[in-house]
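Heads up: the structure comes next, in structure tokens.
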Amino acid sequence: MTYAYKLMDSPVGQLKLVARGDRLTAILWENDKPNRVRLGELVLADDRPILLETERQLHEYFAGNRDAFDLALDFQGTEFQKKVWAALLTIPFGQTRTYAQIAAQIGNVNAVRAVGAANGRNPVSIVAPCHRVIGASGNLTGFAGGLANKMLLLALEAGQTSLDAGADVQTQVTAATTKAAAKRSRAAPPRGMQGSLFGN
1 MTYAYKLMDS
11 PVGQLKLVAR
21 GDRLTAILWE
31 NDKPNRVRLG
41 ELVLADDRPI
51 LLETERQLHE
61 YFAGNRDAFD
71 LALDFQGTEF
81 QKKVWAALLT
91 IPFGQTRTYA
101 QIAAQIGNVN
111 AVRAVGAANG
121 RNPVSIVAPC
131 HRVIGASGNL
141 TGFAGGLANK
151 MLLLALEAGQ
161 TSLDAGADVQ
171 TQVTAATTKA
181 AAKRSRAAPP
191 RGMQGSLFGN
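In the UniProt record's numbering, the protein residues as written are 1 to 200.
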């Protein structure tokens with residue numbers, strides 16, 4: 001099976017948008033591990049409509065003008081993984097969930113670790129918002145795109161920053177990380193609430 005891809009510059013690094021047919025199959029990070037998302041042969045296709053539409057919607061998201069995506073998705077994974085990824089799609093913009101909450105949502109409260117593993121293999125980053133899943137203590141846990149990017153996406157969704165593709169990302173990451181660290185040192189965030197991490 002051949003997959004079409006398009007590269008996109010973004011405030012969180014260069015993203016690789018991947019489609020199979022007319023559906024989005026993956027959004028890969030610039031430094032993604034090669035085996036995190038298993039795909040077939042990749043062929044450059046800058047003119048594929050689904051990839052152009054994905055790029056357009058992502059630019060709107062980073063500019064602070066979009067809080068939901070409307071894209072045809074083609075998840076490639078096990079049935080369990082697909083359940084977890086479908087649950088990610090239900091997390092509202094500006095909110096977070098814990099791994100335990102996702103496990104309960106899919107009807108398997110004992111599958112917290114398996115949920116974490118599936119979350120880590122989410123192929124459609126950002127659109128299926130695995131960045132909105134945090135540890136039970138409120139800590140930002142591992143993220144395929146890196147914790148700095150996870151912080152940046154959550155800060156964007158908390159309304160604390162508007163990301164522009166041409167912005168100085170490192171400055172924004174440093175500021176967001178410093179601010180959130182200072183807030184966490186004053187008070188532990190309540191379970192599952194992103195607002196406490198970013199002061200709203």
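Even for Gly, the Cβ is constructed at its ideal location relative to N, Cα and C.
When beta bridges are read from the DSSP output, Val133 appears opposite Arg97.
Look at Thr141 here: in three-state DSSP terms it is coil, with no helix or strand label.
When DSSP states are grouped into helix, strand and coil, Met151 belongs to the helix group. Taking the CA atoms as reference points, Val37 sits about 30 Å from Gly159. Going by beta carbons, Lys6 and Asp32 fall outside the 8 Å limit.
When the alpha-carbon of Gly120 is set against those of Leu15, Leu24, Trp29, the nearest one is in Trp29.
Distance from the CA of Thr54 to the CA of Val112, rounded to the nearest whole angstrom, comes to 31 Å. Residue range 79–88 is occupied by the alpha helix (DSSP H) that includes Lys82, with no beta strand (DSSP E) assigned at that position. With fewer than 16 other Cβ atoms inside 10 Å of its own Cβ, Pro49 counts as exposed. Closest in C-alpha terms to Gln105, from the list Pro92, Asp22, Leu88, Ala118, comes Leu88. When rounded, the separation of the alpha-carbon atoms in Asn35 and Gly21 is 22 Å. In the DSSP assignment, Ile27 falls within the beta strand (DSSP E) that extends over 23–28. Of Val43, Gly107, Gln101, the smallest CA-CA separation from Arg132 is found for Gln101. Comparing C-alpha distances from Val124 to each of Glu157, Gly135, Val18 shows the shortest one belongs to Val18. Following the DSSP letters along the chain, one finds Val112 inside the alpha helix (DSSP H) bounded by residues 112–120. According to the DSSP assignment, Arg56 belongs to no beta strand (DSSP E) but to the alpha helix (DSSP H) extending over 49–62. As the crow flies, the alpha-carbon of Asn149 is around 31 Å from that of Met1.
Here the C-alpha atom of Arg66 lies approximately 30 Å from the C-alpha atom of Thr78. Secondary structure at Leu15: strand, using DSSP grouped into helix, strand and coil. Inter-residue distance for Gly142 and Ala103 is about 17 Å (C-alpha atoms, whole angstroms).
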